[in-house]
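Participant: Before we start, here is the structure in question, set down as structure tokens.
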DNA sequence: CCAAAAAGAGAGCACTGCTCTTGACGCGGC
DNA sequence: GCCGCGTCAAGAGCAGTGCTCTCTTTTTGG
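Residue numbers (my numbering), protein chains in the order written: chain A, 2 to 220; chain B, 2 to 220.
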């Protein structure tokens, strides 16, 4: 029953975006609107459930893609992970917008969402750690960071990304940011009448970021 | 009168986001809701007016910042333009979200918005053109692009960015994308409990992008 | 088989965007 | 002076929304 509601709600998400209507969902299920409130105490709780599911679906896709290629071919795994994120976003645009679009006004994401939300960036940075451990990836010079930023990122590394030097972490975050920007621009129509070959464009930009991070070229 | 409505609407935008209420705006002005419709035929038209104003405000800020430093110090101008965009976004978060957040469901941006929307990226790419003309910037190797992407970008350059070789244009677009991603992540709370020194973080990431684009270090 | 628990139905409140009709002003021509 | 006309605002009304409350039906368990 919970699943049925979520399924119908996902369909409405595609057309109505974040302001989907509980009453419309109820109508589609042949129920009366008040009956939904037995399962989800409020509309925001329904949204939260959808958000968590979406984060996990995206996380599954990215993690699976990153584990696909040869473990030592970091560049292939980086590309695969990025493509998986983009593919998921293109097939689930409304859910992606819910996750990474403008925050819904008046909606504060509860704590249950933060752990699923961290899965995609964690896998990307996981590639960096593996690169360091296998010696395939050499960290950028440490002196390129200002002191306060250095401290911020070492602390961040201690909590989430153990063993990543701050300068490399900054570049990893740049990659994650850029990946998000690329997908958002494409999805939100910023590439319309601009770039026709979206796949090639995306791959090229992801490759540029791989260069910036320092991922080695395949031999 | 039009201006007064827009001013009040901007205030509501800050709290209610994209789904601001015409009736609430009218209440604040001591009018009845139907009177607003004499000035804006629909809520979407009000949104459009706000969007155009916001694009122009952002464009003004970015253009002014890019013209501030020494004309030949491309890197300083790049940093200034990026900082201006971020500053504007931080002081006008709701309007930024309206421009670059998830598209409002059911709302299609009319053609009046595309020209103001192009001002920020045009100024950024304008820096690249000046760099080429003054010889301060050397374009990346042309063979790093696949053929279809090369064709796309040369065509795009012909229309909007005359004189920019496609490989450089791709890097400029990467910069624009990254700038958008950086601001969005910060504004949408993705840096909470992660990076404390936001200014330093932003500057560092913008510097990384400047490196990728090939902007020369100041002497 | 019958009581207890769970699930749905329905009415209602305050709110939304939007339309239509009605009434109040001010201004120029006769 | 007064009549028409265009501009403005007001009010009622329609269909929709999230949410709460009460009441009835259905299902379940001992």
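Backbone N, C-alpha and C fix where the C-beta goes; we use that ideal spot for every residue, glycine too.
Distance check for residue 106(B) and residue 36(B), CA to CA, integer angstroms please.
Facilitator: Position 35 of the second chain, counted from the start, is the residue given in the question as residue 36(B). Position 105 of the second chain, counted from the start, is the residue given in the question as residue 106(B). Their Cα atoms are separated by approximately 25 Å.
Participant: I want to verify the contact list: residues of chain B whose CB lies under 8 Å from the CB of residue 197(A), in sequence order.
Facilitator: Within the first chain, residue 197(A) is the residue found at index 196, counting from 1. The answer, in chain order, is 149 and 153.
Participant: Against residue 202(A), what residues of chain B qualify as contacts under a CB-to-CB distance less than 8 Å, listed in chain order?
Facilitator: Working through the first chain from its first residue, we reach residue 202(A) at position 201. Those are 150, 153 and 171, listed as they occur along chain B.
Participant: Can you list, in chain order, the residues of the region 101-121 of chain A whose Cβ is nearer than 7 Å to any Cβ on chain B?
Facilitator: Going along the region 101-121 of chain A in chain order, one finds 102, 103, 104 and 106 with a Cβ nearer than 7 Å to chain B.
Participant: Keeping to the same chain, check which residues put their C-beta closer than 7 Å to that of residue 90(A); ignore five residues upstream and five downstream.
Facilitator: Against the first chain, residue 90(A) aligns to sequence position 89. Once the five neighbours on either side are set aside, the close Cβ partners of residue 90(A) are 97, 184 and 188.
Participant: Anyone know if the C-beta pair for residue 3(A) and residue 40(A) falls short of 7 Å?
Facilitator: Taking the first residue of the first chain as position 1, residue 3(A) is located at position 2. Taking the first residue of the first chain as position 1, residue 40(A) is located at position 39. In contact: residue 3(A) and residue 40(A) (Cβ atoms closer than 7 Å).
Participant: Buried or exposed: where does residue 142(A) fall if 16 or more other Cβ atoms within 10 Å of its Cβ makes it buried?
Facilitator: As a first step, residue 142(A) must be located in the first chain, where it is residue number 141. It is exposed - the Cβ of residue 142(A) has fewer than 16 other Cβ atoms within 10 Å.
Participant: Find out if the Cβ-Cβ distance for the pair residue 124(A), residue 77(A) is shorter than 7 Å.
Facilitator: Position 123 of the first chain, counted from the start, is the residue given in the question as residue 124(A). Position 76 of the first chain, counted from the start, is the residue given in the question as residue 77(A). The answer is no: Cβ separation not under 7 Å.
Participant: Determine whether the beta carbon atoms of residue 79(A) and residue 216(A) lie at a separation below 7 Å.
Facilitator: Position 78 of the first chain, counted from the first residue, corresponds to residue 79(A). Position 215 of the first chain, counted from the first residue, corresponds to residue 216(A). Against a cut-off of 7 Å, the Cβ pair of residue 216(A) and residue 79(A) comes out as a contact.
Participant: For chain B, check one thing: does any of its Cβ atoms lie closer than 7 Å to the Cβ of residue 128(A)?
Facilitator: Counting from one through the first chain, the residue named residue 128(A) turns up at place 127. Not closer than 7 Å to any Cβ of chain B, the Cβ of residue 128(A) fails to qualify, so no.
Participant: When the Cα atoms are used, what is the spatial distance from residue 168(A) to residue 86(A)?
Facilitator: On the first chain, position 167 is the one that residue 168(A) refers to. On the first chain, position 85 is the one that residue 86(A) refers to. The alpha-carbon atoms of residue 168(A) and residue 86(A) are separated by roughly 24 Å.
Participant: Give a yes or no on whether 7 Å exceeds the smallest Cβ distance from residue 218(B) to chain A.
Facilitator: For this step, residue 218(B) is matched to residue 217 along the second chain. By this cut-off, residue 218(B) is not an interface position.
Participant: Show which residues of chain B have a CB atom less than 7 Å away from the CB atom of residue 162(A).
Facilitator: The residue given as residue 162(A) occupies position 161 in the first chain. Result: empty, since nearest Cβ-Cβ is about 11 Å, beyond 7 Å.
Participant: For the region 138-154 of chain B against the region 163-181 of chain B, are there 3 or more C-beta pairs whose distance is under 8 Å?
Facilitator: Contact holds: three or more Cβ-Cβ distances are below 8 Å.
Participant: If you follow the alpha helix (DSSP H) that residue 74(B) is in, where does it begin and where does it stop?
Facilitator: By one-based count along the second chain, residue 74(B) stands at place 73. Residue 74(B) -> no alpha helix (DSSP H), and no H or E assigned at all.
Participant: Is residue 13(B) near residue 26(B), with beta carbons less than 7 Å apart?
Facilitator: Counting from one through the second chain, the residue named residue 13(B) turns up at place 12. Counting from one through the second chain, the residue named residue 26(B) turns up at place 25. Yes, they are a contact pair.
Participant: When DSSP labels each residue in this structure, what does residue 127(B) get in the three-state scheme?
Facilitator: Residue mapping note: residue 127(B) aligns to position 126 of the second chain, counting from 1. Reduced to three states, the DSSP call for residue 127(B) is helix.
Participant: Between 194(A), 126(A), 29(A) and 103(A), which has its C-alpha nearest residue 18(A)'s C-alpha?
Facilitator: In the first chain, residue 18(A) corresponds to position 17, counting from 1. Nearest C-alpha to residue 18(A): 103(A).
Participant: To the nearest angstrom, how far is it from the Cα of residue 181(B) to the Cα of residue 31(A)?
Facilitator: For the purposes of this step, residue 181(B) is taken as residue 180 along the second chain, with counting starting at 1. For the purposes of this step, residue 31(A) is taken as residue 30 along the first chain, with counting starting at 1. Distance between the alpha carbons of residue 181(B) and residue 31(A) is about 43 Å.
Participant: Quick one: what's got a C-beta closer than 7 Å to residue 122(B)'s C-beta in the same chain, skipping five residues either side?
Facilitator: Start at 1 with the first residue of the second chain, and residue 122(B) comes out as number 121. Counting only Cβ-Cβ distances below 7 Å, and skipping sequence neighbours, we find 177.
Participant: Using beta-carbon positions only, say whether residue 209(A) and residue 201(B) come within less than 7 Å of one another.
Facilitator: Along the first chain, one-based indexing puts residue 209(A) at 208. Along the second chain, one-based indexing puts residue 201(B) at 200. Cβ atoms of residue 209(A) and residue 201(B): not closer than 7 Å.
Participant: Determine whether the Cβ of residue 181(B) lies closer than 7 Å to any Cβ atom of chain A.
Facilitator: Counted from its first residue, the second chain places residue 181(B) at position 180. Yes, residue 181(B) counts as interfacial toward chain A.
Participant: According to DSSP, is residue 63(A) part of a helix, a strand, or is it coil?
Facilitator: Position 62 of the first chain holds residue 63(A). It is helical.
Participant: List the residues of chain B whose Cβ lies closer than 8 Å to the Cβ of residue 159(A), in chain order.
Facilitator: Within the first chain, the letter at position 158 stands for residue 159(A). Result: empty, since nearest Cβ-Cβ is about 12 Å, beyond 8 Å.
Participant: Short of 6 Å in beta carbon distance, which residues of its chain neighbour residue 173(B), apart from the five on each side in sequence? Order them along the chain.
Facilitator: One-based indexing of the second chain puts residue 173(B) at position 172. Only 126 and 129 meet the Cβ criterion.
Participant: Taking the alpha carbon of residue 195(B) as the point to measure from, which residue in 6(A), 49(A), 155(A) and 135(A) has its own alpha carbon closest?
Facilitator: In the second chain, residue 195(B) corresponds to position 194, counting from 1. Nearest C-alpha to residue 195(B): 155(A).
Participant: Please identify the residue among 160(A), 161(A), 115(A) and 175(A) whose C-alpha is closest to the C-alpha of residue 54(A).
Facilitator: Within the first chain, the letter at position 53 stands for residue 54(A). Looking at the Cα atoms, 115(A) is the closest of the given residues.
Participant: What are the boundary residues of the alpha helix (DSSP H) that residue 186(A) is part of?
Facilitator: As a first step, residue 186(A) is located in the first chain; it is residue number 185 there, counting from the start. That run of the alpha helix (DSSP H) goes 167-188.
Participant: Are the C-beta atoms of residue 205(B) and some chain A residue less than 7 Å apart?
Facilitator: Taking the second chain and counting its residues from 1, one reaches residue 205(B) at position 204. Output row for residue 205(B): interface = yes.
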